[in-house]
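Read through the structure below, which is laid out as structure tokens, and then see the notes.
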Amino acid sequence: MSKTKIAPSLLAADFGNLQQDVEMVNNSDADWHHIDIMDGVFVPNISYGMPVLQAIQKHATKPLDVHLMIVDPDRYITTFANLGAAVLTVHYEACTHLHRSLQAIKAEGMMAGVALNPHTNINLLEDIINDIDVVCLMSVNPGFGGQSFIENTYNKVKSLKELIVKKGATTLIEIDGGVTSKNAAALTAAGADVLVAGSFVFKSNDPITTIQELKNIAG
Ligand code: DX5
Ligand code: ZN
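If you're matching positions, the sequence shown starts at 372 in this note's numbering and goes up one per residue.
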């Protein structure tokens, strides 16, 4: 059994046939459903919000990994708990009181995630890493699917892994953006635990096989 988790991002799904795409993920080797919430303020794009997540939740059978690309995410922590999020990830750059936000997420029974933009140094997490369940390293600038993978991500994964080990933390490392069969093995070798893939999965001819392929490559 492979231990790297694969989280297909529904941002690249066919919104006209959302149920079908959610069920494809249910029936695949994927581990989580990755849900991208964008507010048009923190990132220059608006994706979808609560009613769509409610529709996804009705059909999804795997944990919902909700990635909030929104300003002041504290406003919606309870809302996303009620919508069935298993992992709730906020952006480091969007939180003035990150420790408080993480405690609020955990108090709602969810795993607490922190996403870092490509320019944000992993050492900023040194004093809070033991409170984080998942660090999501953005390997593209957040806001859009289908962008090219930023190569410096490998260095960030390695440094973050060192920090996690040094601090005796159990934090998972998730990679989000431009993940394909070309970089999956190198990412897990560097220390990644969860790979998000949008376009690579949903734009392929056979998404179920593509997910299986990613899972096998990632190891
Ligand atoms: C980008 C999102 C990603 C995106 C990944 O802002 O956070 O989850 O859907 O899409 P691909 O895999 O196409 O880069
Ligand atoms: Zn995402």
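For every residue, glycine included, the Cβ atom is placed at its ideal position computed from N, Cα and C.
None of these values were measured; they are calculated from a predicted model.
Own chain partners of residue i with C-beta closer than 7 Å, once the 5 adjacent residues on each side are dropped
i: F451; result: V437, L459
Separation of residue j from residue i, as counted between CA atoms
i: D407; j: K574; result: 17 Å
i: S552; j: V412; result: 32 Å
i: M409; j: M421; result: 11 Å
i: K429; j: I448; result: 19 Å
i: K586; j: I377; result: 6 Å
i: N523; j: L558; result: 11 Å
i: M481; j: L435; result: 10 Å
i: Q391; j: L382; result: 14 Å
i: L424; j: E394; result: 14 Å
Test item: CB-CB of residue i and residue j under 8 Å
i: T542; j: I500; result: yes
i: A589; j: A540; result: no
i: I582; j: A401; result: yes
i: V506; j: V485; result: yes
i: A465; j: D443; result: yes
Close Cβ partners of residue i (< 8 Å) along its chain, the five nearest in sequence each way excluded
i: M372; result: Its pLDDT being 43, under 50, M372 is placed unreliably by the model, and the measurement read from it follows with that caveat. No residues qualify anywhere along the chain.
i: A561; result: Y525, V528, K529, K532
i: V511; result: P489, Q518, S519, F520, I521, D547, G548, G549
Cβ neighbours of residue i in the same chain (closer than 6 Å, five flanking residues each side left out)
i: P513; result: V414, M440
For residue i, three-class secondary structure by DSSP
i: S519; result: coil
i: I570; result: Looking at the sequence itself, residue 570 is Ser, so the reference to Ile does not match. Three-state DSSP puts S570 in a helix.
i: E545; result: strand
i: S472; result: helix
i: T460; result: strand
i: G484; result: strand
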